[in-house]
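Engineer: Could you have a look at this structure, given as structure tokens, before my questions?
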Amino acid sequence: MKTINELQDEVIEEFSDFDDWMDKYQLLIDLGNEQEPLDEKYKTEQNLIDGCQSRVWLQADMEDGNVVFQAESDALIVKGIIALLIKVVSGHTPDEILNSDLYFIEKIGLKEHLSPTRSNGLLAMVKQMRMYALAFKSKQAE
């Protein structure tokens with residue numbers, strides 16, 4: 001199993017192959033399309049992320065001490081963004097997720113190439129993933 005930082009470095013490398021942002025957006029869209037569709041039972045109000053302009057559902061489950069995320073969005077680029085986040089943090093322990101510095105977002109230039117509303121949505125997605133990790137961590141401590 002790769003560490004969160006190793007996965008981030010892979011993402012940075014993948015994006016560094018492209019100079020043009022249109023190509024990077026296409027890569028995001030492709031990543032989103034490769035994702036398994038989210039089961040309808042998880043498309044609930046409770047799983048909707050607040051702060052996203054488009055609809056994003058995030059489901060988190062604990063499997064063998066690791067947090068596993070699944071998500072879907074009705075917007076192509078947003079679907080790609082959440083797919084990237086899942087690729088990096090899913091399958092790690094709550095502590096690893098909580099202690100991670102998601103530097104890849106800055107390094108690939110994602111933040112500066114998103115509209116302010118998408119950028120807020122990205123922060124909301126990261127925050128929600130950390131909230132799930134925190135919830136699972138406190139459950140483990142009980």
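Oh and the sequence shown: position 9 is 9 in the UniProt record's numbering, straight run, nothing missing.
Yeah, the Cβ is synthetic: ideal placement off N, Cα and C, and Gly gets one too.
Model, not experiment: these values are computed from the prediction.
1. Reducing DSSP to helix, strand and coil, say where Ser54 ends up.
2. Please report how far the alpha carbon of Leu76 lies from the alpha carbon of Leu7, in whole angstroms.
3. Report yes if the CB atom of Gly32 is closer than 9 Å to the CB atom of Asn120, and no otherwise.
4. Rounded to whole angstroms, what's the CA-CA distance from Ile86 to Gln70? Just pull it up for me.
5. For Asp30 and Gly80, I'd like the C-alpha separation in whole angstroms.
6. If distances are taken between C-alpha atoms only, which option among Met131, Asp23, Gln59, Val78 comes closest to Lys43?
7. By the 10 Å Cβ neighbour count, where 16 or more other Cβ atoms means buried, how is Pro94 classified, buried or exposed?
8. In three-state terms, what does DSSP make of Gln35?
9. Taking C-beta to C-beta, are Ala124 and Ile49 nearer than 9 Å?
10. Where does Lys24 land, buried or exposed, given buried means 16+ other C-beta within 10 angstroms?
11. Which same chain residues, not among the five before or five after Phe104, have their C-beta less than 6 Å away from its C-beta?
12. What is the DSSP secondary structure of Phe69, counted as helix, strand or coil?
13. Along the chain, where does the alpha helix (DSSP H) that runs through Thr117 open and close?
14. What's the gap between the Cα of Leu134 and the Cα of Asp20?
15. In the DSSP assignment, what residue or residues form a beta bridge with His92?
Structural biologist: A quick look at the data gives this:
1. coil
2. 22 Å
3. Result no, Cβ atoms of Gly32 and Asn120 do not sit closer than 9 Å.
4. 7 Å
5. 7 Å
6. Gln59
7. buried
8. Here Gln35 sits in coil by DSSP.
9. yes
10. buried
11. Gln8, Val11, Ile12
12. strand
13. Annotation: the continuous alpha helix (DSSP H) that includes Thr117 extends over 116-141.
14. 37 Å
15. In the DSSP secondary-structure assignment, His92 is bridged to Val67.
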